[in-house]
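Notes follow the structure.
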Amino acid sequence: MNDVFLKFTDETTALAALAGEGIAPDAESEKLPTMGVLSDGSDFVLHVCGQGSGTVYEPTGNTITDVNAETGEDNSRPEMAAVAGYHINMRFDGDVPAGLAGFDIAPQTPAERFA
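For the sequence shown, the positions run 854 to 968 when our numbering is used.
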């Protein structure tokens, strides 16, 4: 299986590119399929990042300092900012379809991965 990390300018662009490969949202739920078969017969698994929003986040380099007033526990954490674009991860049985290859960003450290 080939894991691919796709970044589109927005959801409309993503849906158009996926439609070109025969992948469309369900008519009732309007959600993209989580798996299926492409027109060439190869299997795919699809995951819209950000719990279906298409948004992923990355650390800004700043820290949000937060201490629990009751316990004194340090709840500090990295500040996160949205990364521009609409993000979808896909896993293919074969090669990335030509219509999606131009959106493959191959990040060094993906924000979300398949389990």
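Think of the CB as a built atom: it goes at the ideal place given N, C-alpha and C, for glycine as much as any other residue.
Which of the three DSSP states, helix, strand or coil, is assigned to GLY914? In the sequence shown, the residue the question calls residue 914 occupies position 61. If DSSP states are grouped into helix, strand and coil, GLY914 belongs with the strands.
Nearest CA to the CA of VAL901: which residue from ALA951, LYS860 and ASN928? Indexing the sequence shown from 1 puts residue 901 at position 48. Measuring from the Cα of VAL901, the nearest candidate turns out to be LYS860.
If we count the other Cβ atoms within 10 Å of its Cβ and call it buried at 16 or more, is PHE897 buried or exposed? Start at 1 with the first residue of the sequence shown, and residue 897 comes out as number 44. PHE897 is buried by the Cβ-count criterion.
Alpha carbon to alpha carbon, how far is THR916 from ALA867? Give it in angstroms, no decimals. Taking the sequence shown and counting its residues from 1, one reaches residue 867 at position 14. Taking the sequence shown and counting its residues from 1, one reaches residue 916 at position 63. Distance between the alpha carbons of ALA867 and THR916: 33 angstroms.
Look at the Cβ atom of HIS940, then the Cβ atom of GLY905, and state whether they are nearer than 8 angstroms. Locating residue 940 in the sequence shown gives position 87, where the first residue counts as 1. Locating residue 905 in the sequence shown gives position 52, where the first residue counts as 1. Cβ atoms of HIS940 and GLY905: not closer than 8 angstroms.
Looking only at its own chain, which residues have a Cβ that is under 8 angstroms from the Cβ of VAL890, when we skip the five neighbours before and after it? Along the sequence shown, read from residue 1 onward, the residue named residue 890 stands at position 37. Hits under 8 angstroms: ASP896 and PHE897.
Start-to-end residues for the alpha helix (DSSP H) that takes in LEU969: Residue 969 is absent from the model: the chain starts at 854 and stops at 968.
Does the Cβ-Cβ distance between ARG944 and MET854 come in under 8 angstroms? In the sequence shown, counting from the first residue as 1, residue 944 sits at position 91. In the sequence shown, counting from the first residue as 1, residue 854 sits at position 1. Yes; because the gap between Cβ atoms is below 8 angstroms, this pair is in contact.
Continuous alpha helix (DSSP H) stretch holding GLY952: start and end: By 1-based counting over the sequence shown, the position of residue 952 is 99. Going by DSSP, GLY952 is part of the alpha helix (DSSP H) stretching over 951 to 954.
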